[in-house]
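Asker: Here it is, the structure, as structure tokens.
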Amino acid sequence: MAIAYIESSVPSFYVARPSRQIAMLAKQQSTRDWWDGGCSGLEIVTSLETIDEIGRGEPVMARDRLTLVSELPILEVTDDVVVIADGTPQISDRAAKGGF
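Numbering (numbering that gives the first Met the number 0), first residue to last: 0 to 99.
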């Protein structure tokens, strides 16, 4: 099975309140349809960085985002990942150290 990594936009679009902007509403609905339809048959994985990011913000929405991804496998942050991400703001210190 093919694997797809999801970052914070997928759970964020999925749980967001419906937007009044038609383009954003379409993204939200497409995300829900894709997720609820089995993610195109892909094995979905995420990372500690994504978990950290979606856990921020409004508590109820954060809880819903975390619940959505709660059973996904978490990618391990390897030395290769750290080298690739070195100097970028996307990798938090906590995620790079493998902590929750």
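Note that the Cβ used here is the ideal one computed from N, Cα and C, for glycine as well.
(1) For the segment 27-43 against the segment 4-13, do three or more pairs of beta-carbon atoms, one drawn from each stretch, fall closer than 8 Å, so that the two count as touching?
(2) Taking 7 Å as the limit between beta carbons, can you name the residues of its chain near ASP63, skipping five residues before and five after?
(3) Please state if the CB of THR66 and the CB of TYR4 are separated by a distance shorter than 9 Å.
(4) Would you mind sorting GLN27 into buried or exposed? The rule is 16 or more other CB atoms within 10 Å of its CB.
(5) On the DSSP bridge assignment, give the partners of VAL44 in chain order.
(6) Compute the Euclidean distance between the alpha carbons of PRO72 and ILE43, then round it to the nearest angstrom.
(7) Cα separation between VAL9 and LEU74?
(8) With 16 other CB atoms within 10 Å as the buried threshold, where does THR49 fall?
(9) By the DSSP assignment, the alpha helix (DSSP H) with ILE21 in it spans what residues?
(10) Assign ILE53 to one of two classes, buried (16 or more other C-beta atoms within 10 Å of its C-beta) or exposed (fewer than that).
Answerer: If we stick to the structure as given:
(1) yes
(2) VAL14
(3) no
(4) buried
(5) TYR4
(6) 8 Å
(7) The alpha-carbon separation between VAL9 and LEU74 amounts to approximately 16 Å.
(8) buried
(9) 21-35
(10) buried
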